[in-house]
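Participant: Can you keep this structure in mind? I'll have questions shortly.
Numbering (the UniProt record's numbering), first residue to last: 1 to 391.
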């Protein structure tokens, strides 16, 4: 039986967080009250985006973002193969078709050169995407300026999947400001940089998109008389004007989010300290350390190394299993989406996106979380060193 002693990630909850949630439990509102808009305002103030909508998960955020951009049957959504399946599934939810763009070998994000090559070919075939979803893997920003330039040239919309990236910066400005995208999505799952237990958010600078997503997150129902047909019947009256969903965030989650936002800068600072220590402590081992794209500041949700397998007698799986056996709770982010059985049934095959598959054969996510001590980090490094140098 394997005992995980040091997890790859976990939430950091303090007394202020607990008190914030208890205050809501003692209040008149558990679902929709003052904390949800307060959390949304905190996101706006942090990012500089014009609008923010809190929802019950980043998957819901991706879904309503796609719908707000009118993605539907006959359209294409492109994303990275190295991401959680939700980045691709959101296109399928809308009836669209999904394809992928291979990753850059240094950043592990969508490669702008591969994207341009694929766009040129798709234009000739009449199969240009309607939506492209670049993913800020590990918190490392994508080359958004290059992607935005292609979006303008080839007329597609951009959703930044920044589930890993709140607190990071691109060209000196906070990720989430939507300067190079139509919509940005955040995740607040417990292992993410800040948490609302479960939860997500969509941000945009376009009021029409914000209004559409607000409608979609709450059953397509409005109480705004200007959006209704005919006159109101009274103070109780509402109308369903679109087919929406119950994707709302609760007051409990939002209160936790407001409290966590107060510590965001500290969370990121600690992650960078841990990453700097890893970089120094691991530099002599047969591993590839994380790369930092110029003029960016990573949110550092994850610290991923790649094994130099040609210098090892162990396999990728043997190293991973040995770390787990020693109580180091490593993980792997992610299995290339196109290799999943559901996507293979669509016609995707091994070898379709070679750089993503190469990454998968070598990558391991080491433990990284706010409460991680230097002693715990030293233990991770010691065990990894023993495993790699012992063979």
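Glycine included, each C-beta is placed from N, C-alpha and C at the ideal position. Bear in mind the structure is a predicted one, so any value in this text is a computation, not a measurement.
1. Hey, is the stretch 242-262 in contact with the stretch 343-357, meaning 3+ C-beta pairs nearer than 8 Å?
2. Using the three-state DSSP reduction, which class does residue 37 fall into: helix, strand or coil?
3. Among the candidates 119, 160, 281, 174, whose CA atom is the shortest distance from the CA of residue 153?
4. Nearest to residue 393 by alpha carbon, out of 242, 362, 224?
5. Shorter than 6 Å, the distance from the beta carbon of residue 221 to the closest heavy atom of the ligand SAH, or not?
6. In three-state DSSP terms, what is residue 310?
7. Would residue 373 be called buried (16 or more neighbouring beta carbons within 10 Å of its own) or exposed?
8. Measure the CB-CB distance between residue 264 and residue 347 and report whether it falls below 7 Å.
9. Can the beta-carbon of residue 112 be found less than 7 Å from the beta-carbon of residue 165?
10. If you follow the beta strand (DSSP E) that residue 365 is in, where does it begin and where does it stop?
11. Quick one: measure Cβ to Cβ for residue 46 and residue 174, integer angstroms, because I've assumed they're closer than 8 Å.
12. Can you list, in chain order, the stretches of the alpha helix (DSSP H) that have 4 or more residues and sit fully within the stretch 153-226?
13. Apart from the five residues just before and just after residue 320, which ones in its own chain have a Cβ nearer than 8 Å to its Cβ?
14. If we call anything under 7 Å between Cβ atoms a contact, is residue 193 one with residue 267?
15. What is the DSSP secondary structure of residue 246, reduced to helix, strand or coil?
16. Helix, strand or coil for residue 104 per DSSP?
17. Just the C-alpha distance for residue 215 and residue 41, rounded to the nearest angstrom, thanks.
18. What three-state label does DSSP hand residue 254 in the structure shown?
19. From this set, 43, 51, 340, 385, which residue's C-alpha is nearest residue 323's C-alpha?
20. If you reduce the DSSP assignment to three classes, tell me which class residue 10 lands in.
21. Does the separation of the CB atoms of residue 88 and residue 185 fall below 7 Å?
22. Do you know whose CA, among 196, 55, 80, 10, lies nearest residue 255's CA?
23. Residues in the same chain with beta-carbon distance under 6 Å from residue 306, minus the five sequence neighbours each way, listed in chain order, please.
24. Excluding the five sequence neighbours on either side, which residues of its own chain have a C-beta within less than 8 Å of the C-beta of residue 277, listed in chain order?
25. Using only the alpha-carbon positions, how far apart do residue 23 and residue 199 sit?
26. If you run the structure through DSSP and keep just helix, strand and coil, what is residue 121?
Facilitator: Let me lay it out:
1. no
2. In the structure shown, residue 37 sits in a helix (DSSP, three-state: H, G or I).
3. Comparing Cα positions, the closest option is 119.
4. Since the displayed the chain opens at 1 and closes at 391, residue 393 lies outside it and no answer follows.
5. In terms of ligand content, the structure shown is empty, and the ligand SAH therefore cannot be addressed.
6. helix
7. With fewer than 16 other Cβ atoms inside 10 Å of its own Cβ, residue 373 counts as exposed.
8. no
9. In this structure, residue 112 sits away from residue 165, with a CB-CB distance that is not shorter than 7 Å.
10. 363-366
11. 6 Å
12. 207-216
13. Counting only Cβ-Cβ distances below 8 Å, and skipping sequence neighbours, we find 330, 332, 364.
14. yes
15. strand
16. coil
17. 18 Å
18. The three-state secondary structure of residue 254, taken from DSSP, is helix.
19. 385
20. Residue 10 carries a coil assignment under DSSP once its states are collapsed to helix, strand and coil.
21. Not a contact, by the Cβ cut-off of 7 Å.
22. 196
23. Counting only Cβ-Cβ distances below 6 Å, and skipping sequence neighbours, we find 288, 362, 363.
24. For residue 277, where only same-chain residues beyond five positions count, the Cβ hits under 8 Å are 374, 377.
25. 19 Å
26. helix
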